Amino acid sequence: SSPTSVNLGAIGTAINYAGQKISISTNGPNGYSLTATASGRLINPASGYWFTNAQGGLDLTANDTPIPAAIAGAVDAFGISACGTHAYTTNFGTTTAKFGNPSNSAGNAYTYKLASTTGATASVATSVVYGVSAAATTPAGTYSTILTYVATPTF
38 SSPTSVNLGA IGTAINYAGQ KISISTNGPN GYSLTATASG RLINPASGYW
88 FTNAQGGLDL TANDTPIPAA IAGAVDAFGI SACGTHAYTT NFGTTTAKFG
138 NPSNSAGNAY TYKLASTTGA TASVATSVVY GVSAAATTPA GTYSTILTYV
188 ATPTF
């Protein structure tokens, strides 16, 4: 992966994972919050076929709602998860990773919180894990979505 692109590889019925590290530093005495939103579902623009959001297929209806869910193989599902020192484990789990796509029909008004802390921090990394699985009937093609990450210091 790079700062602006993540290659999920050849997607099949097994779950594919890819990762991206986001490092955050802040002198804000009350820490920071890292959030994510998406341009929409993981979609093939040529055919219009899209992957189901991992959180049960639904778009976000409020911040962190619906909560992320585990991905099973051999079904259409796409989402992100977070891990690291300040990862928001309430959403993304600790032993079994849970995934969600922060797409929403409210003009990106809703987000998933990926990580946060309550004190100043120096170069702490949060890993964003991308997970995707396809059904045997999923059409081949090039799929994409745009995810936006925002780190907000708290003063």
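Residue numbers (the numbering used here): 38 to 192.
Quick reminder that beta carbons are idealized off the backbone N, C-alpha and C, glycines included.
Because the structure is a prediction, the values reported are computed rather than measured.
Nearest to A73 by C-alpha distance, out of N128, N53, P82, is N128.
Annotation: the continuous beta strand (DSSP E) that includes N53 extends over 53–63. For F115, the enclosing beta strand (DSSP E) stretches over residues 114–121. Taking C-beta atoms under 8 Å as the contact rule, V169 and I48 qualify, at a distance of about 5 Å. Look at the beta carbons and you see the segment 183–191 not touching the segment 92–110: under three pairs across the two are nearer than 8 Å. Beta bridge pairing from DSSP links F129 with no other residue. One alpha carbon belongs to A114, the other to A143, and they sit about 21 Å apart. Burial state of N64 is exposed, judged by a 10 Å Cβ sphere holding fewer than 16 other Cβ atoms.
Restricting attention to T89, Y147, S62, the CA atom closest to the CA of G110 is found in T89.
Using a Cβ distance threshold of 9 Å, S140 and G77 count as a contacting pair.
For S140, no beta strand (DSSP E) encloses it, and the DSSP letter there is neither H nor E. Boundaries of the beta strand (DSSP E) harbouring P190: 184–190, taken from the DSSP string.
Inter-residue distance for V161 and A51 is about 31 Å (C-alpha atoms, whole angstroms).
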